[in-house]
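Comments concern the structure below.
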Amino acid sequence: MAGDSEMNPEQVEEEFSVWKKNTPFLYDLVISHPLEWPSLTVHWVPSSPTPYGPDPTFNVHKLVLGTHTSGGAPDFLMIADAVLPTLASESNIAAKNDDPVIPKVEITQKMRVDGEVNRARCMPQNPVIIGAKTSGSDVFVFDYAKQAAAKEQEGDCVADLRLRGHEKEGYGLSWSPFKEGYLLSGSQDHKICLWDLSSWPQDKVLDATHVYEAHESVVEDVSWHLKNENIFGSSGDDCMLMIWDLRTNQTEQRVKAHDREINYLSFNPYNEWVLATASSDSTVGLFDVRKLTVPLHVLSSHSGEVFQVEWDPNHETVLASSGDDRRLMIWDLNR
């Protein structure tokens, strides 16, 4: 499979057209929604869906998106409603009445933010709280339930909180699933910052509780362990995968896990010892935390840099990866 650098725009468009033509045979449901500007982040709000008023067989799920205008227009952190059928079947979607409900995505709220949005994540204990990393050094925190009700805010960024500690922009961002308000961030300044949002200062500016420095290059990602409240991992352009312990504020393990940048890491939600990494060397790595020096397995079907990898929250052995080859790959380790 040729990578993007080897394909001209006509080939890319032809490949996309073939995929789009075959979507009815590949998926139960596909919704295509054009955005005015690219979004470098997309995140399901971790809250229960609400019934869709006109038709109880549909639910409303919420998404967090961002804009990347490259200075061509103001940037926004956005909330979208995704109206989806409770069961994605033909009989459910193809309603027989004269005014059928069509699954859709609709932007419902836009909050002004300073700089392009690199990544946005909701606090798991209180999903209306959103952390956002932008093209600036500060991390912004918004309570979208308290923000202006207007669909699109005007004027300057009015974040509920600014988190300081970094000197450059970045992408790594992770809320603790155990300790409410604990937020980790990794950036291009080679640093990892930790904030405790248990108390919000009146001036709406909060300095980092602790700054971790061990990476020799850009910290691409940070992620909390899903079974141990004191453990988190980090990865970077120095090809290093590191495991940290809050009790010592030191790395417990560090290993050169890939031949190129490690862009993302994800702990398995079922097995406390297993994690996955996404690398610019075109591979997804599977590791046992007890022995990081040798990967459990290397998944090598991508033809370009791999930027993200996530475990299925409902199946222990299923994960997904995406990359520069425009592929989203679903892996089942049991097969």
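Everything in the sequence shown is counted per the working numbering, starting at 39 for the first residue and increasing by one.
All C-beta atoms, glycine included, are put in the ideal place defined by N, C-alpha and C.
Every value quoted in this text rests on a predicted model; they were computed, and no experiment measured them.
Could you tell me which residues DSSP puts in a beta bridge with aspartate 259? Counted from its first residue, the sequence shown places residue 259 at position 221. In the DSSP output, where bridge partners are listed per residue, aspartate 259 has Ser273.
Where lysine 294 falls, given that 16 or more other Cβ within 10 Å makes a residue buried: Translated into the one-based positions of the sequence shown, residue 294 becomes position 256. Exposed, because fewer than 16 other Cβ atoms sit within 10 Å of the Cβ of lysine 294.
Taking the beta strand (DSSP E) that threonine 146 belongs to, which residues open and close that run? Position 108 of the sequence shown, counting from 1, holds the residue named residue 146. Element bounds for threonine 146: 142-151.
Buried versus exposed call for glutamine 49 [16 or more other C-beta atoms within 10 Å across all chains shown]: Numbered from its first residue, the sequence shown carries residue 49 at position 11. Under this definition glutamine 49 is an exposed residue.
Does DSSP put glutamine 163 in a helix, in a strand, or in coil? To locate residue 163, count along the sequence shown from 1; it is residue 125. Correct three-state label for glutamine 163: coil.
Report buried or exposed for lysine 58, applying the criterion of at least 16 other Cβ atoms within 10 angstroms of its Cβ. Taking the sequence shown and counting its residues from 1, the one referred to as residue 58 is at position 20. It is exposed - the Cβ of lysine 58 has fewer than 16 other Cβ atoms within 10 Å.
For serine 359, which of helix, strand or coil comes out of DSSP? Residue mapping note: residue 359 aligns to position 321 of the sequence shown, counting from 1. Of the three classes helix, strand and coil, the one that applies to serine 359 here is strand, per DSSP.
With threonine 315 as the anchor, note down where its beta strand (DSSP E) starts and where it stops. In the sequence shown, residue 315 corresponds to position 277, counting from 1. Element bounds for threonine 315: 312-317.
Isoleucine 368 versus aspartate 362 - alpha carbon distance: Here residue 368 refers to the residue found at position 330 when the sequence shown is read from its first residue. Here residue 362 refers to the residue found at position 324 when the sequence shown is read from its first residue. If you take the alpha carbons of isoleucine 368 and aspartate 362, they lie about 16 Å apart.
Pick from Ser341, Val322 and Ser339: whose alpha carbon is nearest that of tryptophan 349? For this step, residue 349 is matched to residue 311 along the sequence shown. The option with the nearest alpha carbon to tryptophan 349 is Val322.
Burial state of threonine 79, where buried means 16 or more other Cβ atoms lie within 10 Å: As a position in the sequence shown, residue 79 is number 41, starting the count at 1. Classification of threonine 79: buried, given that the 10 Å Cβ count is 16 or more.
Is the beta carbon of leucine 284 less than 9 Å from the beta carbon of isoleucine 269? Numbered from 1 along the sequence shown, position 246 holds the residue referred to as residue 284. Numbered from 1 along the sequence shown, position 231 holds the residue referred to as residue 269. Yes, the pair counts as a contact, with Cβ atoms nearer than the cut-off.
Where are the alpha helix (DSSP H) runs, 4 residues long or more, that stay fully inside the region 179-258, in chain order? none
In angstroms with no decimal places, state the Cα-to-Cα distance between histidine 204 and proline 239. Within the sequence shown, residue 204 is the residue found at index 166, counting from 1. Within the sequence shown, residue 239 is the residue found at index 201, counting from 1. Taking the straight line joining both Cα atoms gives about 19 Å.
Decide if leucine 235 is buried, meaning its Cβ has at least 16 other Cβ atoms within 10 Å, or exposed. Residue mapping note: residue 235 aligns to position 197 of the sequence shown, counting from 1. Buried, by the Cβ-count rule.
Determine, using beta-carbon pairs with one atom in the region 166-183 and one in the region 102-122, whether at least three such pairs fall under 8 Å. yes
Bounding residues of the beta strand (DSSP E) (the contiguous stretch that carries leucine 103): Translated into positions along the sequence shown, residue 103 becomes position 65. It spans 96-104 - the beta strand (DSSP E) in which leucine 103 sits, taken as one unbroken run.
Identify every residue that forms a DSSP beta bridge with aspartate 370. Residue numbering aside, residue 370 sits at position 332 when the sequence shown is read from its first letter. The partner list for aspartate 370 (beta bridge, DSSP) reads Val356.
Going along the chain, which residues of its own chain have a beta-carbon closer than 6 Å to the beta-carbon of lysine 142, five neighbours each way excluded? As a working mapping, residue 142 is identified with position 104 in the sequence shown. Closer than 6 Å at the Cβ level, and outside the excluded window around lysine 142, lie Val121.
Closest by CA to phenylalanine 178, which one among Cys160, Pro165, Val166 and Ala197? Taking the first residue of the sequence shown as 1, we reach residue 178 at position 140. For the residues Cys160, Pro165, Val166 and Ala197, the minimum Cα distance to phenylalanine 178 belongs to Ala197.
Pick helix, strand or coil for serine 55, following the three-state DSSP scheme. By 1-based counting over the sequence shown, the position of residue 55 is 17. Looking at serine 55 - three-state DSSP - the assignment turns out to be helix.
If I measure Cβ to Cβ from serine 77 and keep anything under 6 Å in the same chain, skipping five residues before and after, which residues do I get? One-based indexing of the sequence shown puts residue 77 at position 39. Closer than 6 Å at the Cβ level, and outside the excluded window around serine 77, lie Leu103 and Gly104.
From tyrosine 220 to alanine 183, what does the alpha carbon distance come to, in whole angstroms? Translated into positions along the sequence shown, residue 220 becomes position 182. Translated into positions along the sequence shown, residue 183 becomes position 145. Cα to Cα, tyrosine 220 sits roughly 20 Å from alanine 183.
Spatially closest choice to threonine 124 from His106, Leu67, Ser108 and Phe180, by CA coordinates: For the purposes of this step, residue 124 is taken as the residue at position 86 of the sequence shown. The residue with the shortest Cα to Cα distance from threonine 124 is Leu67.
Starting from glycine 169, follow its DSSP beta bridges and name the residues at the other end. Along the sequence shown, read from residue 1 onward, the residue named residue 169 stands at position 131. Glycine 169 pairs with Arg159 and Val179.
Could you name the residues that DSSP lists as bridge partners for isoleucine 117? Here residue 117 refers to the residue found at position 79 of the sequence shown. Paired residues: Val102 and Gln147.
Shortest alpha-carbon distance to lysine 189 belongs to which of Pro351, Leu222 and Lys148? For the purposes of this step, residue 189 is identified with residue 151 of the sequence shown, where counting begins at 1. Nearest option by C-alpha distance: Lys148.
Cα separation between leucine 324 and arginine 157? Sequence index remark: in the sequence shown, residue 324 carries index 286 (1-based). Sequence index remark: in the sequence shown, residue 157 carries index 119 (1-based). Looking at the two C-alpha atoms, the distance is approximately 24 Å.
Tell me the rounded alpha-carbon separation between threonine 247 and isoleucine 230. For the purposes of this step, residue 247 is taken as the residue at position 209 of the sequence shown. For the purposes of this step, residue 230 is taken as the residue at position 192 of the sequence shown. Each residue's Cα considered, the two are about 11 Å apart.
Report the rounded CA-to-CA distance for threonine 355 versus alanine 118, giving the unit in angstroms. For this step, residue 355 is matched to residue 317 along the sequence shown. For this step, residue 118 is matched to residue 80 along the sequence shown. Each residue's Cα considered, the two are about 30 Å apart.
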